[in-house]
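Trainee: Here it is: the structure, laid out below.
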Amino acid sequence: DGGGGGAAAAADGKGSSGVEADWCLLLAGWDGTHVPVAAVRLPGGPGELPAAGATVNPGFDAPLSARRKATPGEAVVALALEPRRGRLWAALEGGAVQAWELLGDEPKSLGRWTLGGGGRGGGSTA
């Protein structure tokens, strides 16, 4: 259990993460029940490291469902971040894929899709 990923993303102003910068490092992980997301300011831009001593604290959880907590079959098996769009994708244990838009005033779910045919197309929106 556990895992995650990160990507540098352009930030416009100050969003729900509480980080104000032109660029930030988005980090997402799986703690067994939630998908916590953190943003770390990159004052030197996307090619530079965060400032020494920068604190990394989750600003919010990307909700797996309206219940905001994972249920059986919802365990996250992989995460991917799209840095240019600020989208987070999660592959779930039960064969579904869920996406969120992380940038902006409030993170929001873009939907969940169930993969059909053993993961080879034929998916449907859940």
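Just so you know, the numbering used here puts 123 at position 68 of the sequence shown, and the rest follows in order with no gaps. Glycine is no exception: its CB is placed at the ideal position from the N, C-alpha and C atoms. Predicted model, so just to flag it, every value in this text is computed and none were measured.
Looking at A134: is its Cβ nearer than 8 Å to the Cβ of L147?
Mentor: In the sequence shown, residue 134 corresponds to position 79, counting from 1. In the sequence shown, residue 147 corresponds to position 92, counting from 1. Checking the sequence, you will find Leu at residue 134 rather than Ala. No.
Trainee: Measure the C-alpha to C-alpha separation of L80 and D116 and round it to an integer number of angstroms.
Mentor: As a working mapping, residue 80 is identified with position 25 in the sequence shown. As a working mapping, residue 116 is identified with position 61 in the sequence shown. The straight-line gap from Cα to Cα measures roughly 16 Å.
Trainee: How is the beta strand (DSSP E) around E161 delimited, first residue to last?
Mentor: Locating residue 161 in the sequence shown gives position 106, where the first residue counts as 1. Run containing E161: none; DSSP gives neither H nor E here.
Trainee: Report the CB separation of A94 from G108 in whole angstroms; it is logged as a contact under 8 Å.
Mentor: If you number the sequence shown from 1, residue 94 lands on position 39. If you number the sequence shown from 1, residue 108 lands on position 53. Actually they are not in contact, since the Cβ atoms of A94 and G108 sit about 16 Å apart, beyond 8 Å.
Trainee: Pop quiz: H92 and P162 are said to be a contact at Cβ under 8 Å. What is the actual Cβ separation, rounded to whole angstroms?
Mentor: Position 37 of the sequence shown, counted from the first residue, corresponds to residue 92. Position 107 of the sequence shown, counted from the first residue, corresponds to residue 162. Note on residue identity: the sequence assigns Val, not His, to residue 92. The pair is a contact, with the Cβ atoms about 7 Å apart (cut-off 8 Å).
Trainee: Mapping the DSSP letters down to three states, classify G108 as helix, strand or coil.
Mentor: Here residue 108 is taken as the residue at index 53 of the sequence shown, counted from 1. G108 falls in the coil class under three-state DSSP.
Trainee: What residue from L97, W155, P138, G150 has the CA that sits closest to E129's CA?
Mentor: Within the sequence shown, numbered from 1, the residue matching residue 129 stands at position 74. Of L97, W155, P138, G150, the residue nearest in Cα terms is G150.
Trainee: Classify G99 as buried or exposed, calling it buried when 16 or more other Cβ atoms lie within 10 Å of its own Cβ.
Mentor: Numbered from its first residue, the sequence shown carries residue 99 at position 44. With fewer than 16 other Cβ atoms within 10 Å, it is exposed.
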